[in-house]
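Structure first, then comments.
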Amino acid sequence: MGNLRSRLDDKAEIKRKYELVLKIYEEDRVNTIRDATTRYKAAGRAALASWLDYMTEPRPDPADLLRSVGFNPEVLGLESQEQ
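For the sequence shown, the residue numbers in this note's numbering are 1462 to 1544.
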C-alpha cells in the first residue's frame, strides 16, 4: 500500500509541475523569466570579476573558484580552462 501511495504522490507532483509550466506559457512569462535569468547571470559574472580583482596573481581559474565554494560554474556559462 505504501508503494501505491508513493507512486500516487509522485504522479501528483508531476501533474503540479506540468500545470505550473503550462501556466507560465499561457501567461507569457517565458520571456520575463528568460530576461531575468540573463540579468542574474550577468550580475553573477560581474560579482565573480570583482571577487577575482581582490585576489593576487596568479589568480585561480574562475570555474575552479566557483566550484571550491559549492557553485556550479556552468550556471554562469563558465568552463574550466583545463577542459
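Every residue gets a Cβ at the ideal spot worked out from N, C-alpha and C, and that includes glycine.
Residue i by DSSP, collapsed to three states: which one?
{"i": "Gly1531", "result": "coil"}
{"i": "Gly1538", "result": "coil"}
{"i": "Pro1523", "result": "helix"}
{"i": "Asp1471", "result": "helix"}
{"i": "Gln1544", "result": "Confidence is the limiting factor: at Gln1544 the pLDDT is only 49, short of 50, which leaves the residue's position unreliable, though a coordinate-based value still follows. In this structure, Gln1544 counts as coil in the three-state DSSP scheme."}
{"i": "Tyr1515", "result": "coil"}
{"i": "Glu1488", "result": "coil"}
Given a threshold of 16 other Cβ atoms within 10 Å of its Cβ, counted over all protein chains shown, does residue i qualify as buried or as exposed?
{"i": "Ala1524", "result": "buried"}
{"i": "Leu1527", "result": "buried"}
{"i": "Leu1539", "result": "buried"}
What separation, rounded to the nearest whole angstrom, lies between the Cα atoms of residue i and residue j?
{"i": "Val1482", "j": "Glu1488", "result": "10 angstroms"}
{"i": "Met1516", "j": "Tyr1501", "result": "23 angstroms"}
{"i": "Gly1505", "j": "Leu1537", "result": "7 angstroms"}
Check each candidate in the options and name the one with the smallest Cα separation from residue i.
{"i": "Leu1509", "options": "Val1530, Thr1493, Val1491, Arg1490", "result": "Val1530"}
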